[in-house]
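Numbering (the UniProt record's numbering), first residue to last: 1 to 285. Even for Gly, the Cβ is constructed at its ideal location relative to N, Cα and C. Quantities reported herein were computed from a predicted structural model and do not represent experimental measurements.
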C-alpha cells in the first residue's frame, strides 16, 4: 500500500501528537499545529487521535494512489478533488490504484490534515513520527515532501465511503484567544498588564511552526526586561525586551530568556495556528 507525491505543496510534512520526554535535551515537542483538526481527521478513519498525518500549510499536495486505501481530510478550507471531481472534507475517501487526489489552496485557515487508513512506514525518532525541520529529523527523512517521493503504508484496511460528513470549521480572521497568567505575569507593571489584555494585535508576516510574532502597541516592561533562560511550552507568550509579543508554537525551543507573560490554552493554540498574516487577535484571561 503506497502513494506517490505528484505535487508536494508549500510545506507538507508528517506530524503526529508530538515528541515528549526529551525537552531536557533541548528537543522540541513538534507535532500538529492545529491539534483538534488533525485529531478529527484521524477519528473519521477510526485511527488513534495522535496517529501520524500529512500536515499541509496554505497549499496542499497532490498524490497518486499506487494501491487501494482510504484517507480523510480535515482542517483549512482547501479544495479537494479526486480525479478532477470535487469531494468534501470531513468524510472517508477511498482511493484505488491510479487515482489522483489533489488538495489545493486554502480559502480559509492555514493548516490542513490528511489522515490514512494505515501507518506510514517511517522511522520513529524519540518515539514520534513528527518532522522537526530545523534539525532535519523525524517524518520523511527530516524534510518536507518532494515531487516523486513514494510513501508506503502498513497495517492498512480499505474503509468504505461514508455518507456522513463532519462539517468544516469556520475560521475567522479576528479572534479572542483564551490565556492564563504566565510565570512572569506579576513582573509586568500593572499598566502593561492592562495594555496587554486590552490591545488588539495583528499577526505579522513573521510566523512559522516555531512561533507567531504579533504587531501592535509596544508593551512596556519594568526594570527586569529578561530572565534566566527558562522552560517554555506551546502557547507561551513571551514579551521581548523591545516590548513585542511572540507566541511559541509546535516547534518552539524548549527554553528562552524573555518574560513569559501569558500562556495560550490548547484551544487558543489551535485557533492561532489557523490565522493567516494580517489577522487580528486579543487576549482574554
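Measure the beta-carbon distance from residue 77 to residue 37 and round it to whole angstroms, keeping in mind my assumption that it falls under 8 Å.
-> About 11 Å; that fails the 8 Å criterion.
Quick one, are the C-beta atoms of residue 176 and residue 19 less than 7 Å apart?
-> Contact flag unset, no.
Considering only the beta carbon of each residue, do residue 245 and residue 214 sit closer than 7 Å?
-> Yes, Cβ-Cβ distance for residue 245 and residue 214 is below 7 Å.
Helix, strand or coil for residue 210 per DSSP?
-> Reduced to three states, the DSSP call for residue 210 is coil.
For residue 43, three-class secondary structure by DSSP | Of the three classes helix, strand and coil, the one that applies to residue 43 here is helix, per DSSP.
Kindly indicate which three-state DSSP category residue 205 falls into: helix, strand or coil?
-> Residue 205 sits in a strand when the DSSP states are folded into three classes.
State buried or exposed for residue 179, treating a residue as buried only when at least 16 other CB atoms are found within 10 Å of its CB.
-> Per the 10 Å Cβ criterion, buried.
Out of 209, 259, 173, state which residue places its alpha-carbon closest to the alpha-carbon of residue 196.
-> Checking every option, the nearest Cα to that of residue 196 belongs to 259.
In angstroms with no decimal places, state the Cα-to-Cα distance between residue 86 and residue 122.
-> Spanning the two alpha carbons is a distance of roughly 30 Å.
Closer than 6 Å by C-beta to residue 237: which residues in its own chain qualify, once you throw out the five before and the five after it? Chain order, please.
-> 245, 247, 261, 262.
Assuming residue 17 and residue 32 form a contact by the criterion Cβ under 8 Å, report the distance between their Cβ atoms to the nearest whole angstrom.
-> Contact flag correct, Cβ pair sits at about 7 Å.
Does the stretch 90–97 come within contact of the stretch 158–172, defined as at least 3 CB pairs closer than 8 Å?
-> Output reads yes: the stretch 158–172 touches the stretch 90–97.
Jot down the residue ranges of each uninterrupted alpha helix (DSSP H) in the stretch 150–198, minimum 4 residues, whole runs only, in chain order.
-> DSSP assignment within the stretch 150–198 yields the following whole alpha helix (DSSP H) runs of 4 residues or more, N-terminal first: 190–198.
How many angstroms separate the CA atom of residue 3 from the CA atom of residue 66?
-> Near 5 Å, if we compare the C-alpha coordinates of residue 66 and residue 3.
Straight-line gap, residue 140 to residue 131 (C-alpha atoms, nearest Å) | If you take the alpha carbons of residue 140 and residue 131, they lie about 7 Å apart.
Provide the residue(s) that pair with residue 112 in DSSP beta bridges, ordered along the chain.
-> Bridge partners of residue 112: 56, 75.
Complete alpha helix (DSSP H) runs within the stretch 217–266 (minimum length 4 residues, chain order) | Qualifying alpha helix (DSSP H) stretches: none in this window.
Going by alpha carbons, who is nearest to residue 218 out of 201, 228, 224?
-> Ranked by Cα distance from residue 218, the first of 201, 228, 224 is 201.
Out of 119, 232, 166, point me to the one whose CA is closest to residue 153's CA.
-> That would be 119, whose Cα lies nearest to the Cα of residue 153.
What residue from 113, 100, 108, 150 has the CA that sits closest to residue 90's CA?
-> Minimum Cα distance to residue 90 is reached at 113.
Best match in 174, 23, 231 for proximity to residue 274 [C-alpha to C-alpha] = Closest by alpha carbon: 174.
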